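No gaps in the numbering here: position 188 of the sequence shown is 187 in numbering that gives the first Met the number 0, and each next residue is one more. Working notes, beginning with the structure itself.
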Amino acid sequence: MTAQIIDGNALSKQLRADVATRAQALRAKGITPGLAVVLVGDNPASQVYVRNKVKACEDNGLFSVLEKYDASLSEADLLARVKALNKDPAIHGILVQLPLPGHMDAQKVIEAISPSKDVDGFHIASAGALMTGMPGFWPCTPYGCMKMLESIGYDLRGKHAVVIGRSNIVGKPMALMLLQKNATVTICHSATPDLKAMTLQADVIVAAVGKRNVLTADMVKPGAVVLDVGMNRNDEGKLCGDVDFEGVTAVASHITPVPGGVGPMTITMLLVNTLEAAERATK
Ligand code: GUN
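This is the structure we're talking about:
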């Protein structure tokens with residue numbers, strides 16, 4: 000078997016076209032969906048990420064502001080800035096890029112964002128909404144993974160999904176989303192004694208560890224769907240995921256590549272959440 004590639008760029012293009020149409024409809028009513036991106040410090044990876052987020056907004060009819068602050072900004076000043084953005088009617092979504100400098104309590108900063116503007120889905124109110132099935136914002140990366148499964152018409156009911164990784168940003172919310180769609184879900188992590196025994200039972204595997212070759216062909220049941228959330232560099236410095244793509248492609252039915260898989264979907268779902276926030280604000 001050679002797995003079918005789930006193309007995150009192609010799917011993003013479709014979903015972003017829908018965002019652009021909905022943004023246009025809001026603008027016709029005099030409301031431009033607005034995202035504030037806050038970056039503290041000069042982490043090079045964060046600089047690239049925020050630039051891409053702002054550009055994606057501009058390309059799809061959303062307004063965005065990028066607020067950059069020196070790494071020496073005090074936590075109190077950042078909290079004050081977030082509170083001002085909470086009150087700003089032109090801003091529907093607020094994203095504080097992580098990681099923050101070491102002298103700041105990132106969770107405290109996230110909790111300062113109004114849940115109605117928490118387009119990253121990191122606030123505890125958003126986490127609680129996801130857990131209980133209430134309306135809220137879903138974290139963008141696992142939300143993008145769900146859209147990828149939807150794009151291949153995959154019905155999760157009765158299927159066994161194995162999530163490798165238990166972060167608050169990907170692993171845990173991913174498991175809850177899969178559960179909501181009636182999958183039987185197993186979360187594996189660094190203390191799981193026999194990862195291969197778990198993954199071999201899986202119909203769907205989501206690898207979200209941040210380490211190369213966490214999932215190899217011998218760990219995958221023939222015909223399984225494999226989603227790769229990893230973003231790593233190989234020995235040649237090339238971008239690669241957590242999955243041994245070459246090997247697993249020969250076993251899986253569907254697989255997401257790195258780059259061009261889950262990565263572009265994360266920004267796409269940020270646009271979707273921001274638009275949703277703007278639409279909710281008009282109701
Ligand atoms: N840092 C790395 N990924 C993300 C993300 O999705 N959102 C925020 N706020 N910070 C990040």
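The C-beta atom is built at its ideal place from N, Cα and C for all residues, glycine as well. This one's a predicted model, so the numbers in the text were calculated from it and none came from an experiment.
Quick check on this structure: which residue in the options has the alpha carbon closest to the alpha carbon of residue i?
| i | options | result |
| --- | --- | --- |
| Gln96 | Ile112, Pro88 and Ala89 | Ile112 |
| Pro134 | Pro141, Ile151, Ser115 and Thr140 | Ser115 |
| Thr117 | Ile254, Lys282 and Leu274 | Before going further, note that residue 117 is Asp rather than Thr in the sequence given. Looking at the Cα atoms, Leu274 is the closest of the given residues. |
| Lys52 | Met145, Cys139 and Gly40 | Cys139 |
| Ser73 | Asn59, His102, Ala196 and Pro192 | His102 |
| Val250 | Asp243, Pro221 and Lys237 | Pro221 |
| Phe121 | Met173, Ile90 and Val18 | Met173 |
| Ala276 | Gly260, Val208, Ser125 and Ala70 | Ser125 |
| Ser63 | Leu175, Ala22 and Val261 | Ala22 |
| Ala2 | Thr248, Gly262 and Val257 | Thr248 |
| Met0 | Val219, Pro258, Arg279 and Gly259 | Val219 |
Quick one: residues in its chain with C-beta nearer than 7 Å to the C-beta of residue i, no 5 flanking neighbours on either side, listed in chain order?
| i | result |
| --- | --- |
| His188 | Gly164 and Arg165 |
| Ile151 | Ile5 and His253 |
Does residue i pass the burial test, meaning 16 or more other C-beta atoms within 10 Å, or should it be called exposed?
| i | result |
| --- | --- |
| Thr198 | buried |
| Glu149 | exposed |
| Glu245 | exposed |
| Asn233 | exposed |
| Met264 | buried |
| Asp254 | First, the residue type needs correcting, since residue 254 is Ile and not Asp in the sequence shown. It counts as buried. |
| Val47 | exposed |
| Asn272 | buried |
| Met147 | buried |
| Pro88 | exposed |
| Lys86 | exposed |
| Lys12 | exposed |
Could you check whether residue j and residue i sit closer than 9 Å to each other, using their CB atoms as the reference points?
| i | j | result |
| --- | --- | --- |
| Leu61 | Leu34 | yes |
| Asp241 | Val213 | yes |
| Val169 | Pro141 | yes |
| Thr185 | Ala201 | yes |
| Phe136 | Asp154 | no |
| Thr131 | Lys158 | no |
| Val203 | Leu177 | yes |
| Val49 | Ala70 | no |
When every heavy atom of the ligand GUN is checked, does at least one fall within less than 8 Å of the C-beta of residue i?
| i | result |
| --- | --- |
| Pro172 | no |
| Cys187 | no |
| Ser45 | yes |
| Pro114 | no |
| Asp154 | no |
| Thr267 | no |
| Asp41 | no |
Within the same chain, show all residues whose beta-carbon is closer than 8 Å to that of residue i, passing over the 5 residues directly before and after it, in chain order.
| i | result |
| --- | --- |
| Pro98 | Asn42, Ser45 and Ala105 |
| Thr281 | Leu25, Lys28 and Ile30 |
| Val81 | Val37, Ile93, Val95, Val108, Ala111 and Ile112 |
| Arg15 | Ala55, Asp58, Asn59, Thr267 and Leu270 |
| Gly209 | Gly164, Gly229, Met230, Asn231 and Asp241 |
Looking at the ligand NAD, does it come within less than 8 Å of residue i, judged from the CB to the closest heavy atom?
| i | result |
| --- | --- |
| Leu72 | The ligand NAD is not part of the structure shown, which contains the ligand GUN as its ligands. |
Starting from the C-beta of residue i, find all residues in its chain whose C-beta is less than 6 Å away, skip the five residues before and the five after it, and write them out in chain order.
| i | result |
| --- | --- |
| Asn231 | Arg211 and Cys239 |
| Leu226 | Cys144, Val205 and Thr255 |
| Met268 | Cys139, Tyr142 and Gly143 |
| Arg236 | For clarity, residue 236 is Gly in the given sequence; the question names Arg instead. Excluding sequence neighbours, Gly236 sits near nothing in its chain. |
| Ala128 | Gly135 |
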